[in-house]
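Undergrad:
Dropping the structure here:
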């Protein structure tokens with residue numbers, strides 16, 4: 055519910071920041087703020103003005119307006135406007151994730167320097183750094199990409215073509231992690247479950263214990279098979295479909311927080327492992343051929359990533375469990391009936 059008085063916004067303070075709860079703060083002008091706030095955590099005028107002052111000093115950007123950008127899961131994200139340009143500002147306060155965010159900047163810069171012009175373009179600081187630190191967070195500034203975050207069957211063709219072109223970019227000299235084919239996502243989940251202090255969610259997991267244990271075993275089974283061949287690695291995104299911006303007739307892949315060297319299956323599994331979407335494999339394979347990549351998608355690698363991410367997203371929910379609002383807790387309760395379950399169920403059929 056919007057606040058009825060502007061004073062309510064300026065008098066409300068947050069001692070800690072929760073990026074999952076920041077939903078809507080509308081700032082018309084820096085020196086004359088008109089705002090409405092939804093949710094339990096928000097930023098007051100002092101914070102916003104201090105942030106804009108910092109951006110002016112570090113980047114030479116004179117802001118005329120700022121508003122929240124509904125992009126990204128981990129970060130605090132803003133659209134910052136000037137008289138002639140708009141920027142995307144992302145701050146990552148997460149102790150467990152901000153170092154991952156920081157190491158992504160050289161990869162983004164590397165891709166742009168090799169002609170990839172449909173990803174987020176970094177705006178450097180006045181002293182030419184790729185990112186900086188603010189108030190304990192890693193802060194990055196990018197050119198704003200106008201458009202909507204859309205994922206449909208129709209967007210899969212341009213998405214796969216763009217990914218395949220990225221796969222042709224060499225990773226020589228680039229410091230980037232690579233997939234190690236492990237069962238660590240399931241191991242982490244079961245450790246979290248052991249210490250979980252919530253009867254309702256523990257009961258949900260107990261109801262699905264046999265399924266969870268079966269899939270953890272299959273994850274490790276396919277991981278062992280995949281470790282026997284560590285070839286075919288390229289620069290992958292990990293969630294391109296969920297971060298596709300459609301701007302008129304142009305497409306962009308944003309949110310490159312976690313690029314790693316991995317086989318193309320790390321980008322392909324999300325659509326291929328969904329009943330009725332077998333055509334997606336054909337257009338993914340065609341995109342590889344069109345870009346001169348001689349590679350055939352492999353079922354054991356697809357199965358591995360399907361199970362890995364099934365547990366990975368569970369651990370992401372539990373990492374932030376003590377700060378979850380009711381909406382996110384409901385999402386966790388529905389996890390075994392949603393998209394992750396559909397893909398994992400399909401992977402269960404792979405021999």
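Residue numbers (our numbering): 55 to 405. In this text, a Cβ means the ideal position worked out from N, Cα and C, and glycines have one as well.
Is residue 232 buried or exposed, if buried means 16 or more other CB atoms sit within 10 Å of its CB?
TA: Residue mapping note: residue 232 aligns to position 178 of the chain shown, counting from 1. That one is exposed.
Undergrad: Would DSSP call residue 135 helix, strand or coil?
TA: Taking the chain shown and counting its residues from 1, one reaches residue 135 at position 81. Three-state result, residue 135: strand.
Undergrad: Quick one: what does DSSP say residue 231 is sitting in, helix, strand or coil?
TA: Position 177 of the chain shown holds residue 231. It is coil, neither helix nor strand.
Undergrad: Using the beta-carbon count (16 or more within 10 Å), is residue 167 buried or exposed?
TA: On the chain shown, residue 167 is found 113 positions in, with the first residue counted as 1. Its Cβ having fewer than 16 others within 10 Å, residue 167 is exposed.
Undergrad: Among the residues of its own chain, which have a CB less than 7 Å from the CB of residue 316, if the five just before and after it don't count?
TA: Residue numbering aside, residue 316 sits at position 262 when the chain shown is read from its first letter. Excluding positions up to five away in sequence, the list reads 232, 233, 287, 290.
Undergrad: Hey, is the region 293-307 in contact with the region 199-208, meaning 3+ C-beta pairs nearer than 8 Å?
TA: Segments in contact, yes.
Undergrad: Give the single residue among 118, 137, 146 whose Cα lies nearest to the Cα of residue 125.
TA: Position 71 of the chain shown, counting from 1, holds the residue named residue 125. Ranking the options by Cα distance to residue 125, first place goes to 146.
Undergrad: Is the beta carbon of residue 229 less than 8 Å from the beta carbon of residue 160?
TA: Counted from its first residue, the chain shown places residue 229 at position 175. Counted from its first residue, the chain shown places residue 160 at position 106. Cβ distance < 8 Å, so residue 229 and residue 160 count as in contact.
Undergrad: At 3 residues or longer, what runs of the beta strand (DSSP E) sit wholly inside the region 95-170?
TA: If we require 3 residues or more, the beta strand (DSSP E) runs fully inside the region 95-170 come out as 119-122, 130-135, 140-146.
Undergrad: Applying the criterion that 16 or more other CB atoms from any shown protein chain within 10 Å of the CB defines a buried residue, is residue 284 buried or exposed?
TA: As a first step, residue 284 is located in the chain shown; it is residue number 230 there, counting from the start. By the neighbour-count rule (16 or more Cβ atoms within 10 Å), residue 284 is not buried but exposed.
Undergrad: Express the C-alpha separation of residue 220 and residue 346 in angstroms, rounding to a whole number.
TA: Your numbering for residue 346 matches position 292 in the chain shown. Your numbering for residue 220 matches position 166 in the chain shown. Between residue 346 and residue 220, the C-alpha separation is close to 12 Å.
Undergrad: For the beta strand (DSSP E) containing residue 204, list its first residue and its last residue.
TA: Working through the chain shown from its first residue, we reach residue 204 at position 150. No beta strand (DSSP E) contains residue 204, which DSSP labels as neither H nor E.
Undergrad: Among the residues of its own chain, which have a CB less than 8 Å from the CB of residue 106, if the five just before and after it don't count?
TA: Stepping through the chain shown from its first residue, residue 106 is reached at position 52. Excluding sequence neighbours, residue 106 sits near 84, 117, 120, 134.
Undergrad: For the candidate residues 165, 187, 186, whose alpha-carbon lies nearest to that of residue 308?
TA: Numbered from its first residue, the chain shown carries residue 308 at position 254. Nearest of 165, 187, 186 to residue 308, Cα basis: 165.
Undergrad: Does the beta-carbon of residue 131 have 16 or more other beta-carbons within 10 angstroms, so that it is buried, or is it exposed?
TA: In the chain shown, counting from the first residue as 1, residue 131 sits at position 77. Buried is the call here.
Undergrad: At what residues does the alpha helix (DSSP H) containing residue 353 begin and finish?
TA: Taking the chain shown and counting its residues from 1, one reaches residue 353 at position 299. Start and end: 353-373.
Undergrad: Is the CB-CB distance between residue 209 and residue 300 below 8 Å?
TA: Taking the chain shown and counting its residues from 1, one reaches residue 209 at position 155. Taking the chain shown and counting its residues from 1, one reaches residue 300 at position 246. In contact: residue 209 and residue 300 (Cβ atoms closer than 8 Å).
Undergrad: Does the pairing of the region 249-267 with the region 174-189 give three or more beta-carbon distances under 8 Å?
TA: No: fewer than three Cβ pairs fall under 8 Å.
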